[in-house]
C-alpha cells in the first residue's frame, strides 16, 4: 500500500478549515474540499471513507494538537496562577495563529456530529480543565462557583481578546495580552 502524502493531507485539512470558516459545515462537500486543496475528489476517498470520516479525523487531530499547544511548557508544580497564565496565553496564541482550525472545531462540536471517539476525547479534555480549576478552588485561589462559569470566563476572555486583536481594535503585543489576562484573573480570583 502506498503511504499517504503528508502534503496532501495538510492541504485537505487547510482547505476544509478555510471552507468551514467561509461557509460553515452544512453545505460543505468533498468536491469543494478537493477543489480548494488542489486534489481530485477521488483522492479524498483514498484517505477518507466519507465526508463524516474526514471531518471526524480532522477534528480528532485538531483537538489533540490544541490540547498539546494549550499545555505547552505547563509545569504541574508551578503555582496555580502561573499555570493558568501560561495556559491562557497559549490559548490566545493558538486562537490567533490557527483561527480557521479553531473555527472548524467550534462548528464541528456545535453541530453535534462528533463520533463517539471524538465525544470521549472532548470529555477528557474538558475534564482535565475542570479538575485543574477545581484544584484552584480547593486551594482557595479562585472563586467557589460552578466550574462551568470559570470555563466560560476563561474561554470568553480568550475569544474576545483574539477577536479584538484580529479586528485591529487592540494591538497584538505583550501589554495587550498581559492586560487581558489580568482582567480575566480578576474575575476568577477568590
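Residue numbers (the UniProt record's numbering): 1 to 190.
Idealized CB from N, CA, C, for every residue including glycine.
Of the listed residues the options, nearest to residue i (C-alpha basis)
i: residue 109; options: 97, 169, 76 and 125; result: 125
i: residue 58; options: 70, 18 and 77; result: 18
i: residue 161; options: 134, 182 and 92; result: 92
i: residue 104; options: 116, 21 and 4; result: 21
i: residue 64; options: 5, 173, 94 and 171; result: 94
i: residue 90; options: 174, 189, 5 and 4; result: 174
i: residue 159; options: 116, 112 and 106; result: 106
i: residue 122; options: 13, 32 and 66; result: 66
Residue range of the unbroken alpha helix (DSSP H) whose run includes residue i
i: residue 109; result: 99-110
i: residue 161; result: 147-167
i: residue 48; result: Where residue 48 is concerned, there is no enclosing alpha helix (DSSP H), given that its DSSP letter is neither H nor E.
i: residue 32; result: 30-37
i: residue 13; result: 6-23
Check whether residue i and residue j have beta carbons under 7 Å apart
i: residue 43; j: residue 30; result: no
i: residue 62; j: residue 101; result: yes
i: residue 181; j: residue 69; result: no
i: residue 153; j: residue 187; result: yes
i: residue 10; j: residue 37; result: no
i: residue 190; j: residue 140; result: yes
i: residue 147; j: residue 130; result: yes
Residue i CB to nearest heavy atom of the ligand NAP below 6 Å
i: residue 51; result: Inclusion of the ligand NAP in the displayed structure is not the case, the ligand content being empty and no account of it being possible.
Assigned exposure category for residue i - 16 Cβ within 10 Å defines buried
i: residue 56; result: buried
i: residue 26; result: exposed
i: residue 15; result: buried
i: residue 157; result: buried
i: residue 39; result: buried
Residues sharing a beta bridge with residue i, DSSP
i: residue 142; result: 189
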